[in-house]
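**Student:**
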Amino acid sequence: KKILIINGPNLNLLGKREPAIYGSLTFTEFFETVKERYKTVELSYFQSNVEGEIIDKMHEVGFSFDGIVLNAAAYTHTSVAIGDAVKAIETPVVEVHISNTFSREEFRHQSFISPNAKGVILGFGLQSYELAITSFL
Ligand code: DQA
Numbered sequence: 002k003k004i005l006i007i008n009g010p011n012l013n014l015l016g017k018r019e020p021a022i023y024g025s026l027t028f029t030e031f032f033e034t035v036k037e038r039y040k041t042v043e044l045s046y047f048q049s050n051v052e053g054e055i056i057d058k059m060h061e062v063g064f065s066f067d068g069i070v071l072n073a074a075a076y077t078h079t080s081v082a083i084g085d086a087v088k089a090i091e092t093p094v095v096e097v098h099i100s101n102t103f104s105r106e107e108f109r110h111q112s113f114i115s116p117n118a119k120g121v122i123l124g125f126g127l128q129s130y131e132l133a134i135t136s137f138l
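For the sequence shown, UniProt numbering begins at 2 and goes up steadily by one.
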């Protein structure tokens, strides 16, 4: 199976960024462990701080891959365009968040991704990504 993890803005700083909320592991460290654990899966990773680049990547893989694990970060709460992209492609998208966005500020309770996602996993730290991957297996 071909699965792509997409991380949105500021998630390149994982490990350094607000560790009390997002943990102290870098995404690269975590990704290496996960690749090791799911050797049979063709796992790839893309991160961008640019909305259009995230959309371009979804178009690129969205008609051939088996699954996309998407943490659109703050764009989750603002981007009609990424929400439309989830709807436009054929590959199912599982929305993930590291933190429990519902226990945080009100503006994080709204998601443009959820209505068209296959499912949503949030609040389990980096394990949210792993749960999303296993949902495609
Ligand atoms: C996040 C939650 C978002 O509200 C926030 O803007 C992020 C990360 C999470 O993974 O918990 O950047 O998507």
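By construction, the Cβ of each residue, glycine as well, lies at the ideal position given by its N, Cα and C atoms.
(1) Within 8 Å, do at least three Cβ pairs link the stretch 81 to 100 to the stretch 56 to 67?
(2) Quick one: what does DSSP say V87 is sitting in, helix, strand or coil?
(3) Can you find the residues in the same chain that come closer than 7 Å, C-beta to C-beta, to F27, ignoring five residues on each side of it along the sequence?
(4) Taking C-alpha atoms, which residue in F47, T29 and E30 lies nearest to I6?
(5) Could you give the distance in angstroms between the alpha-carbon of G9 and the alpha-carbon of V70?
(6) Taking the runs of the alpha helix (DSSP H) that are 4 residues or longer, which of them lie wholly in the stretch 4 to 92?
(7) On a Cα-Cα basis, can you pick out the residue from P116, V95 and N101 that is closest to A133?
(8) Is it buried or exposed for I22, if we count other Cβ within 10 angstroms and need 16 for buried?
(9) For I122, which three-state DSSP category applies?
(10) Please return the same chain residues whose Cβ sits closer than 6 Å to the Cβ of A86, not counting the five positions on each side in sequence.
**Tutor:** Concretely, from the data shown:
(1) Enough Cβ pairs lie closer than 8 Å, so yes.
(2) helix
(3) Note on residue identity: the sequence assigns Thr, not Phe, to residue 27. Cβ neighbours of T27 beyond the five flanking positions: L15 and G16.
(4) F47
(5) 11 Å
(6) 20 to 23, 28 to 38, 52 to 62 and 81 to 89
(7) V95
(8) exposed
(9) strand
(10) I56 and M59
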